[in-house]
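Participant: Using the numbering used here, the final residue of the sequence shown is 239, and nothing's skipped along the way. All residues carry an ideal CB built from backbone N, CA and C; glycine is no exception. Keep in mind it's a predicted model, so treat the numbers as computed, not measured.
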Amino acid sequence: MDTIQHLNTVILSRGSLESSKLAASLICSLAMLDKNKAVFGVANTIQTLLKAVSRPKSPVTHHLLSSLAELVHFHGNCTLAVRSGAVNVLLRIVENQDSEDLSGTSLVILGLLARFNEGLKALTNTSGIVIRMLNVLKGTCMMSIEGAAEVLIRIFYESAECLKEAMGSTDLVFVLAELTVRGSTRAREKASLLMRKLEADESYAEDNIVFLQW
């Protein structure tokens with residue numbers, strides 16, 4: 026525990042770049058062991074990482090996000106991250122567009138958060154989440170596109186309101202259709218799944234309209 030708290034201190038300090046990178050890399054390496062994940066949560070490492078990645082144009086942000094991605098595989102850490110404002114922090118990184126790599130990693134983390142109820146609810150309650158993910162799908166970074174598609178899959182199966190918003194967007198259908206042809210293998214798979222979900226719910230809506238008219 027003392028070692029982890031020392032690493033937290035190094036990350037938040039204004040010390041040397043190499044020290045911060047080393048601390049983040051050590052956290053990431055240690056967090057790969059499942060038995061260590063809960064310990065990092067108790068040591069406030071999740072909050073430390075989120076505070077650090079919130080700093081503008083930090084040269085160690087990639088290392089910090091990689092550590093966070095490893096830690097939120099554990100449900101307890103996911104809860105801590107959501108309660109510490111991770112969704113908004115990560116969306117800001119995505120929308121800043123400073124780096125495709127940072128954006129892609131942030132979206133991967135959002136997808137990991139969405140596996141658990143707390144993260145999923147935080148995402149579905151985020152204003153304009155469908156349009157914000159659609160804007161990512163219109164980009165060129167496949168890592169980001171795959172991450173955004175994963176987030177949309179999660180929220181469409183959770184929130185009727187988000188699905189309704191998506192069905193009202195002609196842009197989304199065109200973008201998904203394009204991805205099913207020109208995207209990476211994973212992007213094509215996710216886009217196809219999203220298209221099927223939209224088509225299924227559209228058919229359901231049409232059936233209900235016919236029934237009500239009858």
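Can you say whether K240 is buried or exposed, counting buried as having 16 or more other CB atoms within 10 angstroms of its CB?
Facilitator: The structure shown does not extend to residue 240, since the chain is modelled only from 26 through 239, so no value can be given for it.
Participant: So, under 8 Å CB-CB, T149 and S109 are touching, yes? Tell me the CB distance rounded to an integer number of Å.
Facilitator: No, T149 and S109 are not in contact; Cβ-Cβ is about 19 Å, not under 8 Å.
Participant: In the DSSP assignment, find the alpha helix (DSSP H) that holds C278 and state where it starts and stops.
Facilitator: What the structure shows of the chain is the stretch from 26 to 239, and residue 278 is not part of that stretch, so it cannot be assessed.
Participant: Grab me the residues of A94's own chain with a C-beta within less than 8 Å of its C-beta, minus the 5 sequence neighbours each way, in chain order.
Facilitator: These residues qualify, in order along the chain: T130, V133, I134, L137.
Participant: Where D59 and P84 are concerned, what is the direct C-alpha to C-alpha distance, given to the nearest angstrom?
Facilitator: So the two alpha carbons sit approximately 28 Å from each other.
Participant: Could you check what DSSP says for R221 in three-state terms: helix, strand or coil?
Facilitator: R221 falls in the helix class under three-state DSSP.
Participant: Given Q238, which residues of its chain have a CB within under 8 Å of its CB, disregarding the five upstream and five downstream residues?
Facilitator: Here the model assigns Q238 a pLDDT of 37, short of 50, so the residue's position is not dependable and the matter cannot be decided.
Participant: Rounded to the nearest angstrom, what separates A139 and N61 at their Cα positions?
Facilitator: Using only the alpha carbons, I get a separation of about 22 Å.
Participant: Distance, Cα to Cα, V67 vs E214?
Facilitator: Their backbone Cα atoms lie some 37 Å apart in a straight line.
Participant: In chain order, what residues of the same chain have a beta carbon less than 8 Å from the beta carbon of I170, not counting five sequence neighbours either side?
Facilitator: Contacts found: V161, L162, G164, L204, G208, S209, A212.
Participant: Starting from R269, trace the alpha helix (DSSP H) in both directions and tell me its first and last residue.
Facilitator: The first residue shown for the chain is 26 and the last is 239, placing residue 269 beyond what the model contains.
Participant: Helix, strand or coil for F141? Go by DSSP, reduced to three states.
Facilitator: Note: F141 maps to coil in three-state DSSP.
Participant: Taking 8 Å as the cut-off, does the segment 98-107 touch the segment 119-129 (at least 3 CB pairs, one atom from each stretch)?
Facilitator: Result no; under three Cβ-Cβ pairs closer than 8 Å.
Participant: According to DSSP, is R80 helix, strand or coil?
Facilitator: Looking at R80 - three-state DSSP - the assignment turns out to be coil, as it is neither helix nor strand.
Participant: Going by Cα to Cα distance, which pick from A48, S128, D27, S54 is closest to M167?
Facilitator: Measuring from the Cα of M167, the nearest candidate turns out to be S128.
Participant: Let me know if I156 comes out buried or exposed under the rule of 16 or more other beta-carbons within 10 Å of its beta-carbon.
Facilitator: Answer is exposed; the Cβ neighbour count stays below 16.
Participant: By how many angstroms is the C-alpha of N33 removed from the C-alpha of D126?
Facilitator: So the alpha carbons of these two residues sit roughly 23 Å apart.
Participant: According to the Cβ coordinates, are L47 and L74 closer than 9 Å?
Facilitator: Not closer than 9 Å, so no.
Participant: Among L219, L89, L159, which one has its Cα closest to the Cα of F181?
Facilitator: That would be L219, whose Cα lies nearest to the Cα of F181.
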